[in-house]
Amino acid sequence: MSQVLVLPMTNVGALPISTGFGEDAEMIRNRFIEAMDHYWELPVTRRSSSTHNRFYLLLKDWREGRGPTSSVTQLAMHPAYQQIIGMGPDALPFILRELERTPDHWFWALNAITGADPVRVEDRGRLRKMAAAWIRWGKDEGYSW
Amino acid sequence: MVSIAEIERDFPNLRGNEYTVTSPEGTSYNCIAWAAHDVDRWWWPSPFAYWPHHVPQEETVTSFTQAYATQGYSPCKDAGLESGFEKIAIYVNPMGIPTHAARQLPNGKWTSKLGTLEDIEHLATSGLEGPTYGSVGVVLNKPL
Chain A
1 MSQVLVLPMT
11 NVGALPISTG
21 FGEDAEMIRN
31 RFIEAMDHYW
41 ELPVTRRSSS
51 THNRFYLLLK
61 DWREGRGPTS
71 SVTQLAMHPA
81 YQQIIGMGPD
91 ALPFILRELE
101 RTPDHWFWAL
111 NAITGADPVR
121 VEDRGRLRKM
131 AAAWIRWGKD
141 EGYSW
Chain B
146 MVSIAEIERD
156 FPNLRGNEYT
166 VTSPEGTSYN
176 CIAWAAHDVD
186 RWWWPSPFAY
196 WPHHVPQEET
206 VTSFTQAYAT
216 QGYSPCKDAG
226 LESGFEKIAI
236 YVNPMGIPTH
246 AARQLPNGKW
256 TSKLGTLEDI
266 EHLATSGLEG
276 PTYGSVGVVL
286 NKPL
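Protein sequence lines correspond, in order, to chains A and B.
Residue 145 is where the first sequence ends in the working numbering, and the numbering goes up by one at each step.
Residue 289 is where the second sequence ends in the working numbering, and the numbering goes up by one at each step.
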């Protein structure tokens with residue numbers, strides 16, 4: 001007998017498995033949520049101008065204020081860089097776009113925001129390869145910029 | 146490109162002394178790498194940069210000395226030009242944290258990469274001492 005599942009419109013993600021959903025239904029539901037998230041995500045050029053402006057103002061502050069330091073720690077501890085980390089996932093498309101344009105020290109921020117580290121140990125320090133690994137990661141995760 | 150005024154603001158000891166900008170800006174390598182003749186990597190004791198295997202990832206003179214030991218350098222007495230040796234000066238801030246490294250050239254001058262900015266050639270290690278990099282904490286040498 002076929003059965004029609006009607007998902008409640010709110011709190012879908014919180015449904016426990018014990019409600020009668022099988023694994024297949026669970027998987028379909030998760031894919032649906034992922035697809036909707038992806039569908040509704042705006043490309044970077046159409047996001048809220050305030051997020052865009054905030055990121056680029058902070059980027060300018062960071063590039064102008066970081067001085068002649070070689071220290072990865074100092075680069076990441078700069079107040080503007082910390083504020084970019086504080087923007088959370090909203091900053092990711094902008095960071096990835098910047099990384100694609102010019103390899104720079106975004107790796108601390110990317111790791112802090114996502115918890116990921118797609119860079120191979122043997123590529124550490126090679127900024128072009130580190131950037132390429134993160135850009136691949138971003139595409140695999142469905143980010144657009 | 147950074148201006149002369151900006152360089153001399155960060156390094157007031159360069160004012161009135163001979164120095165030359167010898168490269169464009171870039172993020173491919175930093176001063177620590179440049180001192181070790183590596184122009185492909187950014188060296189720093191951090192998971193987000195290169196640091197030699199088995200050397201502790203610590204911002205200490207000991208860790209930096211060990212990192213350069215992997216390239217054949219060991220501590221020496223001073224920064225004077227010595228025939229048959231190449232020298233590296235490690236700068237530290239007042240808390241003893243390494244900030245910069247410069248390499249001596251065969252003519253006795255020093256070459257430095259200024260973070261993500263340009264490389265410069267300067268007459269003496271003192272040219273970069275001051276508020277930005279602190280002072281030279283240790284000098285290393287390596288037989289040529």
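By construction, the Cβ of each residue, glycine as well, lies at the ideal position given by its N, Cα and C atoms.
- Interface criterion met: the Cβ of P68 of chain A is under 8 Å from a Cβ in chain B.
- Not a single CB atom of chain A sits nearer than 8 Å to the CB of A150 of chain B.
- A Cβ-Cβ separation of about 7 Å places L226 of chain B in contact with Q249 of chain B under the 8 Å criterion.
- Nearest CB-CB separation between L127 of chain A and chain B: below the 8 Å threshold.
- Contact annotation for R124 of chain A against chain B: A194 and Y195 [CB-CB distance below 7 Å, chain order].
- Within chain B, no residue has its CB atom less than 9 Å from the CB of D61 of chain A, the nearest being about 15 Å off.
- For a Cβ distance threshold of 8 Å, residue set F193 of chain B lies close to F107 of chain A, ordered along the chain.
- The criterion of a C-beta distance shorter than 8 Å is satisfied by I135 of chain A and L99 of chain A.
- Assignment of beta-bridge partners to G138 of chain A by DSSP yields no partner.
- Between the C-alpha atoms of W137 of chain A and A112 of chain A there is a straight-line separation of about 15 Å.
- Annotation: L285 of chain B is outside any alpha helix (DSSP H); the continuous beta strand (DSSP E) that includes it extends over S280 to P288.
- Annotated three-state conformation of K60 of chain A is helix, per DSSP.
- For Q202 of chain B, the three-state secondary structure derived from DSSP is coil.
- With a threshold of 16 other beta carbon atoms within 10 Å, Y56 of chain A falls short and is exposed.
- The C-alpha of Y174 of chain B lies about 23 Å from the C-alpha of R154 of chain B.
- Nearest CB-CB separation between L259 of chain B and chain A: below the 8 Å threshold.
- It is roughly 16 Å from the alpha-carbon of M36 of chain A to the alpha-carbon of A25 of chain A.
- Across the region 91-104 of chain A, CB contacts with chain B closer than 9 Å involve T102, P103 and D104, in sequence order along the chain.
- Residue-level contact check: T51 of chain A does not touch chain B, since none of the beta carbons of chain B fall below 8 Å from its beta carbon.
- With a cutoff of 8 Å on beta-carbon distance, S271 of chain B and I265 of chain B are scored as not near each other.
- From the beta-carbon of C176 of chain B, the residues of chain A found nearer than 7 Å are S70.
- A132 of chain A and L285 of chain B have their C-alpha atoms spaced approximately 35 Å apart.
- When DSSP states are grouped into helix, strand and coil, R186 of chain B belongs to the coil group.
- Scanning chain A for C-beta atoms nearer than 8 Å to the C-beta of L262 of chain B yields P68, reported in chain order.
- For Y236 of chain B, there is no enclosing alpha helix (DSSP H); the enclosing beta strand (DSSP E) covers residues F230 to V237.
- Excluding the 5 residues flanking it on each side, W196 of chain B has same chain C-beta neighbours closer than 6 Å at P190 and Q202, in chain order.
- Burial check for M240 of chain B: the Cβ neighbour count within 10 Å stays below 16, so the residue is exposed.
- Collapsing the DSSP output to three states places E227 of chain B in coil.
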